[in-house]
Amino acid sequence: MNYTIKQVDKFKYIEEGEGEPLILLHGLFGALSNFGDLINYFKNHNKVVVPILPLLDMDLLHTSVGGLQKFVHKFIEFHDFQNVHLLGNSLGGHVAILHVLKQPERIKSLILTGSSGLFENGMGDTYPKRGDYDYIKKKTELTFYDPKIATKELVDEVYEIVNNRLKAIKIIALAKSAIRNNLGEDINQIKQPTLLIWGNNDAITPPFVGREFHRLIPNSELHFIDKCGHAPMMEVPDDFNRILHKFLTKLNEPAAVA
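Sequential numbering from 1 applies to the sequence shown in the UniProt record's numbering.
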């Protein structure tokens with residue numbers, strides 16, 4: 001991706017296009033590149049904004065889902081965004097849900113894909129000995145239906161993070177925070193129209209998790225995509241963009257007069 005990363009105040013982010021803001025929140029091992037196809041498509045319809053979440057830059061005390069939600073709140077307030085479509089993958093979805101529950105005023109819709117917040121299979125409770133590249137490779141491949149999407153570059157990025165002691169501690173802190181911060185009892189308070197896009201072969205937040213979100217969130221619609229794992233916007237971008245575009249278009253259609 002050749003997009004310019006802006007830095008304003010303490011925020012680093014990509015911003016492309018014009019229109020209602022579509023804010024994209026990446027997951028625990030996520031990066032801006034996860035959203036390349038999504039940005040390319042939606043920059044023609046929306047102001048697409050991807051903040052770089054400070055997953056590994058917060059002090060350990062605030063390295064939590066709640067700490068990330070506060071960061072997102074400050075980011076949205078700083079830019080005075082209104083009518084936000086807030087999209088999150090994996091841990092980013094968890095942060096998005098928490099934000100909508102705590103600060104719903106500026107949010108027009110919620111889009112979740114492979115979101116944590118109810119249940120997830122993480123990397124496991126403990127990390128193997130640092131330096132176990134094959135283990136990290138297998139775990140990264142598990143993210144996708146097609147393991148070839150876990151390129152060497154992607155595996156190297158994850159390996160570098162877990163091989164750094166402080167980064168590994170923060171990743172574990174975030175993973176444990178996500179497990180503790182179960183939102184099952186509060187999710188039915190979400191008023192925003194919500195789109196759920198799930199991979200039928202998601203091994204980390206399996207299909208039953210998508211169904212449970214759909215059951216709990218009152219104004220929600222659920223779409224499954226076959227031959228797709230935990231990151232549909234990377235693995236099947238055309239299907240993902242088509243479903244999301246239809247959802248956003250429908251939101252902006254005037255209500256039919258009886």
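Just so you know, even glycine gets a beta-carbon here, dropped at the ideal spot from N, CA and C.
- The C-beta separation of E120 from A178 comes to about 7 Å, placing the pair in contact by the 8 Å criterion.
- Taking G117 as the centre and dropping the five residues before and after it, the same chain places the C-beta of H94, I97 and L183 closer than 6 Å to its C-beta, in chain order.
- Looking only at L166, V48 and I190, the smallest Cα-Cα distance to L25 is reached by V48.
- Nearest to I149 by alpha-carbon distance, out of K227, Q69 and K12, is K227.
- Here Y159 is buried. Its C-beta has 16 or more other C-beta atoms within 10 Å.
- Taking a 10 Å sphere around the C-beta of N34, we find 16 or more other C-beta atoms and assign the residue as buried.
- In the displayed model, L101 falls within a helix according to three-state DSSP.
- Where I161 is concerned, the enclosing alpha helix (DSSP H) starts and stops at K152 to V162.
- For Q7, the secondary structure class from DSSP, reduced to helix, strand or coil, is strand.
- Counting along the chain, no alpha helix (DSSP H) covers V236, and no H or E run does either.
- A Cβ-Cβ separation of about 11 Å leaves H230 out of contact with T140 under the 8 Å criterion.
- Judged by their CB atoms, S90 and G36 are not nearer to each other than the 7 Å cut-off.
- Under the three-state reduction of DSSP output, H230 falls in the coil class, being neither helix nor strand.
- Around the beta-carbon of K170, 16 or more other beta-carbon atoms lie within 10 Å, marking it buried.
- Residue pairing by DSSP puts H223 in a beta bridge opposite I197.
- Taking a C-beta distance under 7 Å as the contact criterion, H223 and I204 do not qualify as a contact pair.
- An exposed status is given to V8, since fewer than 16 other beta-carbon atoms sit within 10 Å of its beta-carbon.
- The beta-carbon separation of I111 and F29, rounded to 20 Å, does not stay under the 8 Å limit for a contact.
- Under the DSSP definition of a beta bridge, V49 partners with E15 and I23.
- Annotated three-state conformation of K108 is strand, per DSSP.
- Residue environment: L166 is assigned as exposed (fewer than 16 neighbouring CB atoms within 10 Å of its CB, all protein chains considered).
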